[in-house]
Structure formats: structure tokens, C-alpha cells
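Novice:
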Amino acid sequence: MATVALPSRAASCFVQVPRYGLYNINILPRRTRRVCVTTTRRQYNGGRREFSSGSPLESRPKISFRLAVSSSGKGRRFSPDRNFYNFHPQVHDALGIQSPNYYDRKANRPDSGEDSFFISKIGYDNEAFAFGVADGVGGWSESGIDPADFSHSFCGHMAETALNWESSPESLRAMTLMRLGYEKTLLDKAVFAGSSTACIGVARKDGSVQLANLGDSGSLLFRLAAVHHYSVPQTHDFNTPYQLAAVPELIRRQSYLFGGKQFEDMPQDAAVTNCSLQHGDVLVLATDGVFDNLNNQEVLKLVTARMMATGAWTGTSDMGISASDNLEALTKPGGLKFGNNRIKPKKAIAASEEADPQGKGHTLQALLAVTIAGEAKIASMDFRRDGPFAKEYQRYRPWDHYRGGKPDDITVVALVAVEEGRSPASNP
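Counting from 1, position 336 in the sequence shown corresponds to residue 368 in this note's numbering; the numbering is continuous, with no gaps.
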């Protein structure tokens, strides 16, 4: 087996979504992400998974979606007061659309390292959204290529495609959006080469969400203190995820010359999941900077703690949990002031409640995104606590005593589902 291992992912922090930035790469030799070249067979086949988690379409209540993003670059200090964005449909059409000018892209690239993200209305509709994360594979840096070029371009093209969608929002599929964004990235002259994983979501007015995941980014759906859905990573080999790639002919020939094979995964290899969201559901999309450092149960504990502390989820008399009628207020800008006073956001969100030029307010969805990203950041730098990546590393390479977390770029998109028309509970 001929394998080319190229170094891992770089650093930075967060924001809207242009692309192109400076090299800022901190490489740990043992933590290398592999790009493309090997003869290893696939360990996981992409596919379509469908399940219904709601009521029949004709009786389904109207669900609105509240979204926020948080991210932090590898080697960068995480700042809870800056590393998040709320998406407000009344203010934003999209986060992630980039300037056509190469130098503007480079200058305005968000401080998210080789990770990228986008959130967009579908066809300028205030009730249907597309969103996702992409993680540029860091190994390309060994060939002198900035891995962030591909991921930021990819997200920018998906955001623009969704926003300019001319058919009904219901006709846009997650895999279709991934395919169109990928095709436009291949035609983008500013992207010489690169590859990335992707996790894409399309949320419609009826509360249905379609997810398409390719690689080791992924999604988690939480419902009333339980994990209701989680995606399964797609890998060719250890630390070699499925990836959409732009491969120059010269590199392709070199791969074959040395006996290797260039992986050329396609959008149709993505695993597709269809689900129906209910009032109080929390959907999280994240790059492997989260999943390499936190397992599903750890993320569940974080989400449950925040949802209970804010009063978004409440205990019932029969020892169960229900979603609060106050979610509408909690997910609006400054909404956490309507919640339970036991929550002190300064540790997770220290943003000022005064000037808020970019929609940074105390919202429930921002609190969730920042909490997950912040905890993943802490775990990534803890060399006494073995995360999921370390445990997997030890299983594949027991002779190499790898311990602790995995420093990486971290990006989290958090979505809270809110049923419209619920009567808010009276505030104390």
C-alpha cells in the first residue's frame, strides 16, 4: 500500500464566511490527517437513512429554526465573547458568501483556520435554511497548498447556491446542495487544489431536516436530554476521511507514478438522513475538532446542562423532561434574560448586552454553540484526558503511546427548533 501522509489541520478562530487567509499551521507529526493517496478499501459505505420523528405532515405544527455558530482555530485562544455568530433572518440573508475578488477573500477569511461554515436562507425565504460545516484536510500544506482555500470556497459557493435557489425551498436536497457547491468549487480559479469533509443540513418550513454527511465531520440531534440521532464517520483508513477533492493533473500523475491511488469521493457517497424536528430539539453540526475530543454522551451532558439551566427544558412531575413554552423568547437576541437566573453566561458567553452590531446577543443557540466549542477546546489541550481520537489511535497503533486530546480547528453550528404559536410561560 502506497500512502502519502500530509500534515494536519491549522489554526484560527471564527466569524462570517469569506475565504483565503494566511498560513498559520501548527503541525504535530503524530496527528497528521491523510489526504487522498492509498489503495486501502473503504471501511464504510455511504447511504441513505430515513426516519420519522414527528407527527404526520398534515398535523405537523409549524417549526421555526434558530441558528448560531461558534468556532476556534487550532493554536488560537478561544474567546467566548467573540467566537460566535447568531444568524437572524431579519438581518442576514446568509453567512458565508464571499467576495469575488481574490484579495478580499484572503483578507476577509474568517478566523476559523481550515474549518469553514455557512448559514443561508433558501431562495431568500425567511423560514427555510441551508447550513453546514466543512473541514479542509490539512495534509495539502505539505504540497504548499493552503488547505483552507478549498473549504472556505466550498462553503461560500453552497451559501450562494442556497440563497439564489429559484425553485421552491422544499425542492432543495442536502446532497444536491453539496454537489452544486462542489462543482462550483472545482471551477473556481482561486482554488488550485485541496479537499474537505462536509456535513450539510437543509431545514424546511414543515420542520423536516435533511442531512448529508461526507467524512468525519458530523451531526447530533438531541431531544429532551437524549441523543436522538448521530452520524457515523466515513473513513478509508484511520485518520483518512472521505473527502471531496480538487486534484491537479500533476499531483494525480505523481500518485500513480508512486503506485498509489487518488481518492475521489463524490457527493453521492454522502450518508443522507431525513428527520422531523420537534419543539425543543437541538441539532448540532460540527467538524472533527469536536468529535475527536468529545464523545456523544459528553456533548449530551453539555447540551442538557445548558437547556435545563436556562429553563429551555424543564422537569415534569412524573420525573420526565419537557420543552419549555418560553423557547421563542430564549432564542431571540438577548433572550437569555428571560430564562432561569441560575445561568451565568459570562463563562460561556461573555458578550456585552450593549452594542450588538453583528447580532451577537445572549441567545440560547449561541450559548449552546459556544459551550460545545469551548469544552472541545479545553479537551483538545488536555494531555491527561484521552479523547475519542486518542482511544482510536491507541487501537490502531498501540506501540505509539499517544495520550490526551487532539488540537484542531473547531466549528459548531447549533440549531434550536421552536414551535410557533406556543403561549409563553409567565415570567417570574
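Glycine residues also receive a C-beta, built at the ideal position from the N, C-alpha and C atoms.
Answer with buried or exposed for M210, where buried requires no fewer than 16 other C-beta atoms within 10 angstroms of its C-beta.
Specialist: For the purposes of this step, residue 210 is identified with residue 178 of the sequence shown, where counting begins at 1. M210 is buried by the Cβ-count criterion.
Novice: Using C-beta distances below 7 Å, list every residue in its chain close to L332, excluding the 5 sequence neighbours before and after it, in chain order.
Specialist: Along the sequence shown, read from residue 1 onward, the residue named residue 332 stands at position 300. Cβ within range, chain order: F254, V259.
Novice: Got a sec? Which residues, its chain only, sit under 7 Å from D297 by beta carbon, not counting five neighbours each side?
Specialist: As a first step, residue 297 must be located in the sequence shown, where it is residue number 265. The answer, listed in chain order, is L246, Y274, Q275, L276.
Novice: Give the single residue among Y288, K409, G164 whose Cα lies nearest to the Cα of M190.
Specialist: By 1-based counting over the sequence shown, the position of residue 190 is 158. Comparing Cα positions, the closest option is G164.
Novice: On the premise that S173 lies in contact with I283, defined as a C-beta separation below 8 Å, what is that separation, rounded to the nearest angstrom?
Specialist: Start at 1 with the first residue of the sequence shown, and residue 283 comes out as number 251. Start at 1 with the first residue of the sequence shown, and residue 173 comes out as number 141. Contact doesn't hold; Cβ gap of about 14 Å is too wide.
Novice: I'd like the ranges of any beta strand (DSSP E) spanning at least 3 consecutive residues and lying wholly in the stretch 128-184.
Specialist: Whole beta strand (DSSP E) segments, 3+ residues: 147-154, 157-168.
Novice: From the DSSP output, read off the bridge partner residues of T272.
Specialist: Locating residue 272 in the sequence shown gives position 240, counting from the first residue. Answer is D269.
Novice: Under 8 Å, do F97 and A194 count as touching if we go by C-beta distance?
Specialist: Here the question's residue 97 lines up with position 65 in the sequence shown. Here the question's residue 194 lines up with position 162 in the sequence shown. No.
Novice: Can you pull the DSSP bridge partners for W345?
Specialist: What you label residue 345 is simply residue 313 of the sequence shown in a count that begins at 1. In DSSP, W345 forms a bridge with A355.
Novice: Ends of the alpha helix (DSSP H) at Q397?
Specialist: Working through the sequence shown from its first residue, we reach residue 397 at position 365. Run containing Q397: 396-412, per the alpha helix (DSSP H) assignment.
Novice: DSSP on R62, reduced to helix/strand/coil?
Specialist: The residue you call residue 62 lines up with position 30 of the sequence shown. Residue confidence is low: R62 scores 33 on pLDDT, short of 50, so the model does not pin down where it sits. Its coordinate-derived value is still stated next. Three-state DSSP puts R62 in a helix.
Novice: Please name the residue in I410, D220, R137 whose C-alpha comes closest to that of S111.
Specialist: Position 79 of the sequence shown, counted from the start, is the residue given in the question as residue 111. Of the candidates I410, D220, R137, the one whose C-alpha sits nearest the C-alpha of S111 is I410.
Novice: So what's L317 in DSSP terms, helix, strand or just coil?
Specialist: Taking the first residue of the sequence shown as 1, we reach residue 317 at position 285. Note: L317 maps to strand in three-state DSSP.
Novice: To the nearest angstrom, report how far apart N327 and F290 are at their CA atoms.
Specialist: Reading the sequence shown from its first residue, position 295 is the one you call residue 327. Reading the sequence shown from its first residue, position 258 is the one you call residue 290. Roughly 38 Å between the two C-alpha positions.
Novice: In terms of alpha-carbon separation, which member of G213, R427, I442 lies closest to G145?
Specialist: Here residue 145 refers to the residue found at position 113 when the sequence shown is read from its first residue. Among G213, R427, I442, the Cα nearest to that of G145 is on I442.
Novice: Can you tell me whether Y134 is buried or exposed, with buried defined as 16 or more other CB within 10 angstroms of its CB?
Specialist: In the sequence shown, counting from the first residue as 1, residue 134 sits at position 102. Result: exposed.
Novice: Can you give me the start and stop residues for the beta strand (DSSP E) that R98 sits inside?
Specialist: For the purposes of this step, residue 98 is taken as the residue at position 66 of the sequence shown. It spans 95-104 - the beta strand (DSSP E) in which R98 sits, taken as one unbroken run.
Novice: Could you tell me which residues DSSP pairs with N327 in its beta bridges?
Specialist: Taking the sequence shown and counting its residues from 1, the one referred to as residue 327 is at position 295. N327 pairs with nothing; no bridge assigned.
Novice: With distance defined between alpha-carbon atoms, name the residue in A408, D157, I154, F415 nearest to V335.
Specialist: Translated into positions along the sequence shown, residue 335 becomes position 303. Here the closest residue by C-alpha is A408.
Novice: Bridge partners of H261, per DSSP?
Specialist: Sequence index remark: in the sequence shown, residue 261 carries index 229 (1-based). For H261, which the question treats as bridged, DSSP gives the partners L253.
Novice: Roughly how many whole angstroms lie between the Cα atoms of A401 and D320?
Specialist: Stepping through the sequence shown from its first residue, residue 401 is reached at position 369. Stepping through the sequence shown from its first residue, residue 320 is reached at position 288. Rounded to whole angstroms, A401 to D320 spans 15 Å at the Cα level.
Novice: Can you tell me which residues form a DSSP beta bridge with V444?
Specialist: The residue labelled residue 444 in the question sits at position 412 within the sequence shown. S102, A318, per the DSSP bridge assignment.
Novice: What's the C-alpha gap between H184 and G352?
Specialist: Within the sequence shown, residue 184 is the residue found at index 152, counting from 1. Within the sequence shown, residue 352 is the residue found at index 320, counting from 1. Their backbone Cα atoms lie some 42 Å apart in a straight line.
Novice: In the structure shown, what three-state DSSP assignment does G107 receive?
Specialist: Start at 1 with the first residue of the sequence shown, and residue 107 comes out as number 75. In this structure, G107 counts as coil in the three-state DSSP scheme.
Novice: To the nearest angstrom, how far is the alpha carbon of A206 from that of Q242?
Specialist: Position 174 of the sequence shown holds residue 206. Position 210 of the sequence shown holds residue 242. Cα to Cα, A206 sits roughly 6 Å from Q242.
Novice: Does DSSP put G226 in a helix, a strand or coil?
Specialist: As a working mapping, residue 226 is identified with position 194 in the sequence shown. Here G226 sits in strand by DSSP.
Novice: What first and last residue would you give for the beta strand (DSSP E) that runs through F119?
Specialist: Locating residue 119 in the sequence shown gives position 87, where the first residue counts as 1. First-last of the beta strand (DSSP E) with F119: 116-119.
Novice: Between which two residues does the alpha helix (DSSP H) holding R211 run?
Specialist: Residue numbering aside, residue 211 sits at position 179 when the sequence shown is read from its first letter. Counting along the chain, the alpha helix (DSSP H) containing R211 begins and ends at 206-219.
Novice: Please work out which residues of its chain come closer than 6 Å, Cβ to Cβ, to E159, disregarding the five sequence neighbours upstream and downstream, and give them in chain order.
Specialist: On the sequence shown, residue 159 is found 127 positions in, with the first residue counted as 1. Once the five neighbours on either side are set aside, the close Cβ partners of E159 are K237.
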